[in-house]
Amino acid sequence: MDSEKKSLALDVVQREALYLDEQRWDEWTALYAPDCVFWVPMWKTDTQLTSDPETELSFIYLDGIRYLEERVRRVVSGRAVSSVPVPRTSHLVGPGLASSDDGGQTVVVQSAWRSQAYLHKDHEVVEYAGRYTHVLTLDAATHAYRIQQKKIVLNCDHLQSKLDFFYL
């Protein structure tokens with residue numbers, strides 16, 4: 035994979051964090067492929083994650099862009115009462131490692147992350163951290179990378195507050 039494709043793939047991961055922090059929901063969902071998967075597995079044991087979102091519990095499992103868009107609509111409309119007002123967030127994504135076995139058509143980016151969210155109602159900040167695995171595919175029409183899969187591993191599965199996509 036050439037350095038330009040690697041740079042473009044890493045840029046998608048950074049832009050995703052920025053769009054979440056700035057609540058630029060349309061731009062955030064536009065980063066995703068139509069048949070994307072957004073998955074936050076649970077810890078089965080101290081060392082083993084759940085591996086099948088169809089048969090095991092997950093913190094979040096959204097299969098397809100329509101489910102991401104619906105989640106955003108619920109948050110924006112205020113129908114997600116637990117997210118009113120939407121917390122202010124700050125995502126820090128470490129330098130990612132990008133790899134590809136097919137010349138850059140599909141790129142896997144692995145990175146560490148940390149987020150802070152200010153909860154207006156509680157006047158407190160909650161923090162989450164973990165690892166991301168983004169699988170990006172090159173869109174032939176636009177020559178831009180889209181997020182095909184995003185797997186979010188939480189280091190601590192003792193949740194400090196409610197959990198939603200924008201915390202992660």
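Residue 35 is where the sequence shown starts when you use the numbering used here, and the numbers rise one by one after that.
Ideal Cβ placement from N, Cα and C applies to all residues, glycine included.
These numbers come from a predicted model, not from an experiment.
Contact under 7 Å by Cβ, residue i with residue j
i           : j           : result
residue 43  : residue 188 : no
residue 55  : residue 123 : yes
residue 74  : residue 93  : yes
residue 40  : residue 175 : no
residue 156 : residue 77  : no
residue 51  : residue 180 : no
Between the CA atoms of residue j and residue i - distance to the nearest angstrom
i           : j           : result
residue 135 : residue 143 : 12 Å
residue 139 : residue 172 : 5 Å
residue 37  : residue 113 : 43 Å
residue 87  : residue 95  : 7 Å
residue 84  : residue 126 : 25 Å
residue 183 : residue 69  : 9 Å
residue 196 : residue 151 : 11 Å
residue 35  : residue 141 : 9 Å
residue 90  : residue 53  : 30 Å
residue 104 : residue 79  : 31 Å
residue 200 : residue 137 : 32 Å
residue 111 : residue 102 : 14 Å
residue 62  : residue 82  : 30 Å
residue 71  : residue 100 : 11 Å
residue 158 : residue 98  : 33 Å
residue 49  : residue 147 : 13 Å
For residue i, the nearest candidate out of the options (CA to CA)
i           : options               : result
residue 145 : 162, 152 and 167      : 167
residue 64  : 88, 46 and 81         : 46
residue 154 : 118, 89, 79 and 110   : 118
residue 164 : 137, 158, 128 and 177 : 128
residue 109 : 49, 177, 60 and 178   : 60
residue 57  : 107, 147 and 100      : 107
Contacting residues, own chain, Cβ-Cβ under 7 Å from residue i (five flanking each side not counted)
i           : result
residue 202 : 74, 149, 162 and 186
residue 130 : 44, 47, 143, 144 and 145
residue 177 : none
Sequence-distant residues of its chain with Cβ nearer than 6 Å to residue i (five each side left out)
i           : result
residue 194 : 160
* To do: Quick one: which unbroken beta strand (DSSP E) runs of 3-plus residues sit fully inside the segment 105-184? Chain order, please.
  => With a minimum length of 3 residues, the unbroken runs of beta strand (DSSP E) contained wholly in the segment 105-184 fall at 122-127, 131-133, 140-153 and 158-172.
* **3-residue-minimum beta strand (DSSP E) runs that sit fully inside the segment 35-78, ordered along the chain** => Runs found: 66-75.
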